[in-house]
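For the numbering used here, count along the sequence shown from 1 and bump the result up by 554.
Ideal Cβ placement from N, Cα and C applies to all residues, glycine included.
Predicted model, so just to flag it, every value in this text is computed and none were measured.
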Amino acid sequence: MHLCQVAPYVTYPPRMGGDHRTHGLVKEFPGDGHTVQRYCQGGSPAMYKSLDLRRHVRIADGYDEHRHLNPLHEAMKAPMLLGYPNLLAHRSLRIANDGIDAMFEDADVVLAREPWQMPYVLDHVPASTPIIFSSHNVETERFGDIEQPVLTERVEREVDRLERRSVEETDAIVCTSEHDAEVYRERYDPSGPILVAPNGTYEDSLRSHRPDSDVAECIRQRYGIASDAIVSLFMGSNYRPNVEAAEAVVDMAHELADADFDAQFLVLGSVGNALDRPSLPDNLTTTGYVEAEFEAHFDAADIALNPMLSGGGTNIKLIDYFARSLPVVSTRFGARGLDGTAGEELLVADIDNFPERITALAEDPGRRRRVGDAGRRLAADRYTWEASSRALREFVVEEFGPF
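Next up, the structure:
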C-alpha cells in the first residue's frame, strides 16, 4: 500500500499535539511493502526558527515528508494568529500545489488531516482512490468555544461546511474518541465507516518518574526551585484553550503562595509567552518553548495539571503526563474521551478545587506514586501511537485492500 498523507504544515519532527497525531498515526505503516509520502502545505514557526528549510525529509525507509514552502501558504495562515481556523488553506492550494496531484495519482489511499484542505483533496484525488478524513477535533465544537474578533457567524458557517464535506464525502473517517464519532453521526451523514484511533504517547516515552535524578535537580536549580518544594507542572503550546488553562494555573499559584508547604508551579512550553508577566506570582515559572532537556522537566515536577476548559479532541498532554508516571489533576472536560477512572489513574476536580487536590497530593507522596504508576499503566495498555497506527493500518487494508 502506498499512502499519501496531506497535512496543513510541516509535521516532522513533531513538536505540537497535532504534529504528534499526524506522525503517530502512520509511524507503523512503513514496512511489509507499505510506504508513506506526506505533503505539507507550508512550514511551521518552529521550523523557520530552527532554519530547517529542507524541502524533503526522509523519516524512515518508506516514509518521507515533502514540504511545499511557498510564501502564499504562509500568508494565508495569518488569520490563525488571531484565533481563526485555517479556512484559506484549500484556496491557496488551487494556486500553488507543487506536485501534490502527482502524489495523488501514485497513491492507493489518501489520508487528509482536518477539513481545511479537503475541498482541494476531494476535487483532485482520482475517483477510484479512497480518501480518509483524519479528524483531530470536532472543529465545529472547537471553534464554537472561541470567539473571533469579527465575522464570527460567517466563520462558524464555513467551518461547518468544510467539516460536513469532510465527513459526508470521504470514504472513511479516523477520529480521536467515541464522543467525536457520535457527534459526526448525529450532526452529519457519514458516507463510510468510522475508526476511533485514540491519541497517545510513544512507547519509548513510557517510563518511571525520576524526581531524584541529577537532571531533575539541575532543572530545579536553574529556576531557583528548592529541592523540597512541591512542583505542579502545566505544559502546552500558545493556543487559546491552553492560554485559558495557564491563566487558571496562575490563579492557583496565587492561592497557594502562602500554603504550609512550598508550592511551586512550572508552565512549560510556548503557552507561557501569552501570560501577563507583571501579574505572575513569585512561585510560578514560565520556560517558553523547550526542546533540549524537555524530559527532565517532567522529573523536576511532582504533580501534573490539566485544567482545560475548552478546545476539541482529546488532550495529548494528559497522556504524556501519564507516560512519565506523574499524578494528574484534571478537569472533567480535560479528561474527556479517555477511560481513566477518577481517583485511580487521575484526580478529577473543578478548577476551583485544584488547590485542594494539589495540597492533598503534596501531603501524600505514597498516593502520588500510586496514581502516577496507575496512569502509566493505563497509557501503556490503551494509549500509544504505535497501537493506534497499527489499528489504522489494519483498518485501511481491511476496508480498501488488498493492495
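Proximity of residue i and residue j at Cβ, strictly below 9 Å
| i | j | result |
| --- | --- | --- |
| Pro-568 | Thr-576 | yes |
| Pro-680 | Glu-695 | no |
| Ala-817 | Ile-912 | yes |
| Ile-686 | Val-713 | no |
| His-574 | Gly-596 | no |
| Ser-720 | Glu-668 | yes |
| His-678 | Asp-652 | no |
| Asn-624 | Ser-646 | yes |
| Ala-933 | Thr-706 | no |
| Ser-759 | Asp-874 | yes |
| Val-883 | Glu-899 | no |
| Cys-594 | Pro-562 | yes |
| Phe-954 | His-556 | no |
| Leu-863 | Gly-842 | no |
| Ala-751 | Leu-946 | yes |
| Gly-578 | Ser-943 | yes |
| Arg-930 | His-733 | no |
Three-state secondary structure (DSSP) of residue i
| i | result |
| --- | --- |
| Glu-961 | Since the first residue shown for the chain is 555 and the last is 957, residue 961 is missing from the structure and cannot be characterised. |
| Thr-755 | strand |
| Arg-645 | helix |
| Ser-833 | helix |
| Ala-780 | coil |
| Ala-813 | coil |
| Leu-946 | helix |
| Gly-572 | helix |
| Gln-595 | strand |
| Met-862 | coil |
| His-678 | helix |
| Ser-731 | coil |
| Ser-884 | strand |
| Leu-705 | coil |
| Leu-820 | strand |
| His-577 | helix |
| Arg-715 | helix |
| Ser-745 | coil |
| Thr-775 | The residue you asked about is not Thr; residue 775 is Gln in the sequence shown. Helix at Gln-775. |
| Ser-720 | helix |
| His-690 | coil |
| His-851 | helix |
| His-588 | strand |
Pick from the options that is closest to residue i, judged by C-alpha positions
| i | options | result |
| --- | --- | --- |
| Asn-869 | Ser-731, Arg-718, His-808, Glu-712 | Ser-731 |
| Val-692 | Ala-802, Pro-909, Val-737, Gln-775 | Val-737 |
| Val-785 | Arg-609, Ala-799, Ala-807 | Ala-807 |
| Leu-901 | Phe-815, Glu-619, Leu-859 | Leu-859 |
| Ile-773 | Thr-839, Gly-826, Tyr-638, Asp-830 | Thr-839 |
| Gln-559 | Ser-604, His-620, Gly-585 | His-620 |
| Met-570 | Gly-891, Gly-790, Thr-938 | Gly-790 |
| Asn-753 | Arg-592, Gln-775, Lys-871, Tyr-638 | Lys-871 |
| Asp-904 | Gly-897, Arg-886, Thr-895, Glu-898 | Arg-886 |
| Gly-616 | Glu-582, His-622, Leu-635, Arg-608 | Glu-582 |
| Ala-846 | Glu-710, Leu-822, Ala-941 | Leu-822 |
| Glu-771 | Ala-855, Asp-758, Asp-935, Tyr-742 | Ala-855 |
| Pro-639 | Leu-607, Arg-708, Ala-661, Glu-740 | Arg-708 |
| Glu-917 | Tyr-756, Pro-584, Asp-782 | Asp-782 |
| Asp-606 | Gly-578, Val-590, Thr-565, Met-634 | Thr-565 |
| Gly-897 | Gly-888, Pro-765, Asp-906, Ala-928 | Ala-928 |
| Gly-778 | Asn-837, Ser-682, Arg-715 | Asn-837 |
| Trp-670 | Met-657, Arg-718, Ala-656 | Arg-718 |
| Ala-877 | Ile-613, Thr-938, Gly-826, Arg-831 | Thr-938 |
CB-CB length for residue i against residue j, believed under 8 Å
| i | j | result |
| --- | --- | --- |
| Ser-879 | Ser-762 | 5 Å |
| Pro-909 | Leu-810 | 5 Å |
| Val-804 | Ala-828 | Actually they are not in contact, since the Cβ atoms of Val-804 and Ala-828 sit about 11 Å apart, beyond 8 Å. |
| His-644 | Pro-673 | 4 Å |
| Leu-676 | Glu-723 | 6 Å |
| Ala-802 | Pro-861 | 5 Å |
| Ala-799 | Phe-788 | 7 Å |
Cβ neighbour criterion (16 or more within 10 Å) applied to residue i
| i | result |
| --- | --- |
| Pro-795 | buried |
| Val-958 | This structure leaves residue 958 out entirely; the chain is present only between 555 and 957. |
| Ile-649 | exposed |
| Thr-895 | exposed |
| Asp-768 | exposed |
| Phe-852 | buried |
| Arg-922 | buried |
| Ser-833 | exposed |
| His-690 | buried |
| Phe-815 | exposed |
| Arg-711 | exposed |
| Tyr-602 | exposed |
| Val-580 | buried |
| Cys-907 | According to the sequence shown, residue 907 is Asn rather than Cys. That one is exposed. |
| Glu-948 | exposed |
| His-588 | buried |
| Pro-765 | buried |
Near the ligand NAD: residue i beta-carbon under 8 Å from a heavy atom
| i | result |
| --- | --- |
| Thr-841 | This structure simply doesn't include the ligand NAD, nor any ligand for that matter. |
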